[in-house]
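S.K.: The structure follows.
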Amino acid sequence: MNSLTVVLHAAVQAANWHTAQRRKGAAQEPYVNHLLEVACLVAEATGGEDVNLVVAALLHDAIEDQQIATAAIAEAFGEDVAALVLEVTDDKTLPKQQRKRLQVEHAPQTSARAALLKLADKTSNLTALASSPPVDWPKQRRLDYVQWARHVAAGLQVTNAWLRQRFEDAAAAAERSAHSGRS
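Residue numbering for the sequence shown follows the working numbering, starting at 1402 and increasing by one per position.
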């Protein structure tokens, strides 16, 4: 299978796995939009040269949100993709605050490729927070999320200036949106 075919198969699989899932924002957009945005950011940041990382971006929430087995990802897309997805997966058996703390603590030890994926994920989340925040998130919760995302990003060993700038732009937009009371 060529690279384009592999990416499209991953996109279809991601859409199938997340078919009933929606984003938390007021627009309730299909979750697959997030997965596609993260994959697009990764593809642009790598110049499209790391197909496995783009595939992992499409599948990055499959274990965490849909309880897809790592072995199923490895069987369909290879061990490298499965390892990348696993590396960015939170342990949902832990309380939310502990998961958030662990993301900050583990960020400096994240592999370079997984760090790029994690930064693209945070960028997408902040973009969504700016344009369609959850209706039940008051200003302070939105600002706290931005601050936490900045702490995670600060620990990630990502040298890609383009993606770092996208992250900073998204964080600033999310802060402006929270301060303006826009939803």
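Glycine is no exception: its CB is placed at the ideal position from the N, C-alpha and C atoms.
Every value quoted in this text rests on a predicted model; they were computed, and no experiment measured them.
1) Count the other C-beta atoms from every protein chain shown that fall within 10 angstroms of the C-beta of H1580, then say buried if there are 16 or more, exposed otherwise.
2) Sorted by chain position, which residues of the same chain lie with C-beta nearer than 8 Å to Q1467's C-beta, five sequence neighbours on each side aside?
3) Hey, which unbroken runs of the alpha helix (DSSP H) at 4 residues or more fall wholly within the stretch 1492-1543?
4) Within a Cβ cutoff of 6 Å, which residues of the same chain sit near K1540, ignoring the five residues on either side of it in sequence?
5) Note down the Cα distance separating S1533 from V1559, rounded to an integer number of angstroms.
6) Does the beta-carbon distance from K1519 to L1557 come in below 8 Å?
7) If distances are taken between C-alpha atoms only, which option among Q1499, A1473, V1452, Q1498 comes closest to L1487?
8) What do you get for S1404, buried or exposed, if any count of 16 or more other CB atoms within 10 angstroms of its CB means buried?
9) Who are R1423's beta bridge partners in DSSP?
10) Am I right that R1551 and A1572 are in contact with their C-beta atoms under 8 Å? What's the rounded C-beta distance?
11) How long is the line joining the alpha carbons of E1569 and V1553, rounded to whole angstroms?
12) Kindly indicate which three-state DSSP category I1469 falls into: helix, strand or coil?
13) Classify G1426: buried if its beta carbon has 16 or more other beta carbons within 10 angstroms, exposed otherwise.
M.R.: Result, derived from the coordinates:
1) The residue in question, H1580, is exposed, as its Cβ has fewer than 16 Cβ neighbours within 10 Å.
2) Take Q1467, set aside five residues on each side of it, and the residues of its chain with a beta-carbon closer than 8 Å to its own are W1418, H1419, Q1422, in chain order.
3) Within the stretch 1492-1543, the complete alpha helix (DSSP H) runs of at least 4 residues are 1497-1507, 1513-1532.
4) Excluding residues within five positions, the ones whose Cβ falls inside 6 Å are A1579.
5) Roughly 27 Å separates the two Cα atoms.
6) It is a contact, given that the beta carbons lie within the stated cut-off.
7) The shortest C-alpha separation from L1487 is found at A1473.
8) Counting C-beta atoms within 10 angstroms of its own C-beta, S1404 has fewer than 16 neighbours from the protein chains shown and is therefore classed as exposed.
9) Answer is P1431, bridged to R1423.
10) Indeed they touch by this definition, with Cβ atoms about 6 Å apart.
11) Whole-angstrom Cα-Cα distance: 13 Å.
12) Looking at I1469 - three-state DSSP - the assignment turns out to be coil, as it is neither helix nor strand.
13) Classification for G1426: buried.
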